[in-house]
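Okay, so here's the structure we're looking at.
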Amino acid sequence: MWNDATTQMGMQFGRSAMMAGSEYVEKNINRYVNYPALKYYFKVNNSYVAHKIRLLLFPWRHRPWSRLVKRSEQNGQMEGYKPPRDDINSPDLYIPVMALVTYVLLTGIVAGTEHKFHPRDLGVNATTAFFLMILELAFIKGGCYLLNITSETSILDVLAYSGYKFIGVIITLLVSLIAPFWIVLATFIYTVAANGFFLLRSLKYVVLPDTTTTNTVNIPQRQRRIHFLFLVAALQFVFMYFLIK
1 MWNDATTQMG MQFGRSAMMA GSEYVEKNIN RYVNYPALKY YFKVNNSYVA
51 HKIRLLLFPW RHRPWSRLVK RSEQNGQMEG YKPPRDDINS PDLYIPVMAL
101 VTYVLLTGIV AGTEHKFHPR DLGVNATTAF FLMILELAFI KGGCYLLNIT
151 SETSILDVLA YSGYKFIGVI ITLLVSLIAP FWIVLATFIY TVAANGFFLL
201 RSLKYVVLPD TTTTNTVNIP QRQRRIHFLF LVAALQFVFM YFLIK
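Using UniProt numbering, the first residue of the sequence shown is number 1, and each one after it goes up by one.
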C-alpha cells in the first residue's frame, strides 16, 4: 500500500516535471523560432514534391516563374503567398531537409564502396553541407543589402533555394556509383546548369522588382543586380563541387 502511494506520487511528480519542462522549452524556443512561419514551408504533398523535383532537374521550359499570391476574401488585398502545395514556384524546406539527410547517408555509401568509410565522416559531411548553405545565405543576403534590394523575401526563402542544390548533388553521386567518369562529369555539369538556371529565374523576382511597382531602379542599378544574379548562379558550380568532393 505504501509502495503504491509512493509510486503514484512519483508518477504525478514526473508528469508535473515533464509539463513544466515542456512549457519552459516551448516558451524559450518560441523567442527564436516562429513556428507558424516555419510550418508554412512544410505544407507540401506528394504531387508537389514530384513536380518540384522534376522542375529542379528540367527547368528549361517552365512557365511562369512568378509566385501565386494569397488575397483576403474581404477586401482582396494581398496577405502573402500561397503555400508550396498550392504553388510549384513557392520555396519549401521539406525537399531541402530530406535531400540533405539523403546526401549525408549517400556520402557514407559512396565512401563505403571505396573502403574509406568512417562513422565520423557522416557528421563532418553534414556540418560541411550546412556550413555551405549558411555561407550562401550570408552571401545572398549580404549582396541584397549592398545593392539596396528591398523585398519581402525571408531568410527561410533563401535557405530553401540554397538547399535545392542537393537534388543535383544526389543525382551525381548516384551516377558515380554505376557509371564511368565522363558520364559523372556530364551529369555534374548538367545538374549545376539546371540548378543555376532555376535560381536565375526563381530569384529574379527578389533581385529585380516588378517594373509596375513604385520600387523602380535605374539602368546602372539594374545591371549590377543582374550581374549579382548571374554570380549567384555561377557559384553553384563551386558549392556543388565541394559537396561532391
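Idealized CB from N, CA, C, for every residue including glycine.
Under 8 Å between C-beta atoms of Gly-142 and Asp-121
Not closer than 8 Å, so no.
Please name the residue, chosen from Leu-55, Asn-46, Tyr-81, Leu-57, that lies closest to Asp-157 on a Cα-to-Cα basis.
With distances taken between Cα atoms, Asp-157 lies closest to Tyr-81.
Sort Thr-153, Leu-137, Ala-194, Phe-237 by Cα distance to Ser-90 and report the nearest one.
For the residues Thr-153, Leu-137, Ala-194, Phe-237, the minimum Cα distance to Ser-90 belongs to Thr-153.
Checking 8 Å against the spacing of the C-beta atoms, do Leu-68 and Leu-173 come in under that value?
No, these two residues do not count as a Cβ contact at 8 Å.
Measuring straight from C-alpha to C-alpha, what distance separates Ile-171 and Leu-229?
Those two C-alpha atoms are separated by around 25 Å.
By DSSP, does Gly-21 sit in helix, in strand, or in coil?
Because the pLDDT of Gly-21 is 49, which lies under 50, any placement of that residue in the model is unreliable, and the question is left without a value.
Restricting to Cα atoms, I'd like to know which of Leu-55, Asn-45, Pro-36 is closest to Ala-193.
Out of Leu-55, Asn-45, Pro-36, Leu-55 has the C-alpha closest to the C-alpha of Ala-193.
Beta-carbon within less than 8 Å of Val-49's beta-carbon, same chain only, minus the 5 sequence neighbours each way: which residues are those?
Excluding the 5 residues flanking it on each side, Val-49 has same chain C-beta neighbours closer than 8 Å at Tyr-94, Ile-95, in chain order.
Within the 8 Å Cβ cut-off, does Lys-43 reach chain C?
No chain C appears in this structure, which consists of one protein chain only.
Is it buried or exposed, Glu-136, if we count other Cβ atoms within 10 angstroms and call 16 or more buried?
Per the 10 Å Cβ criterion, buried.
Apart from the five residues just before and just after Phe-117, which ones in its own chain have a Cβ nearer than 7 Å to its Cβ?
The beta carbon of Phe-117 sits closer than 7 Å to those of Gly-108, Ala-111, all from its chain and outside the five residues before and after it, given in chain order.
May I have the straight-line CA-CA distance separating Phe-181 from Lys-52, to the nearest angstrom?
One alpha carbon belongs to Phe-181, the other to Lys-52, and they sit about 28 Å apart.
Closest residue to Arg-201 among Ser-66, Tyr-40, Lys-165, Arg-85 (Cα-Cα distance)
Residue nearest to Arg-201 within the set Ser-66, Tyr-40, Lys-165, Arg-85 is Ser-66 (criterion: CA-CA distance).
Supposed close pair Met-98, Lys-165 - CB separation, criterion 8 Å:
Taking the Cβ atoms as the reference, Met-98 lies roughly 14 Å from Lys-165, outside the contact range of under 8 Å.
Where the beta strand (DSSP E) through Tyr-145 begins and ends
Taken as a continuous stretch (DSSP letters only), Tyr-145 belongs to no beta strand (DSSP E), being part of the alpha helix (DSSP H) at 119 to 146.
So Asn-125 packs on Val-101, CB below 8 Å; how close in whole Å?
In fact, because the Cβ distance is near 11 Å, the residues do not count as touching under 8 Å.
To which residues does DSSP link His-190 through a beta bridge?
Note that residue 190 is Tyr in the sequence shown here, rather than His. Residue pairing by DSSP places Tyr-190 in no beta bridge whatsoever.
From Asn-218 to Arg-225, what does the alpha carbon distance come to, in whole angstroms?
The alpha-carbon of Asn-218 is positioned some 11 Å away from that of Arg-225.
Three-state secondary structure (DSSP) at Lys-70?
Strand.
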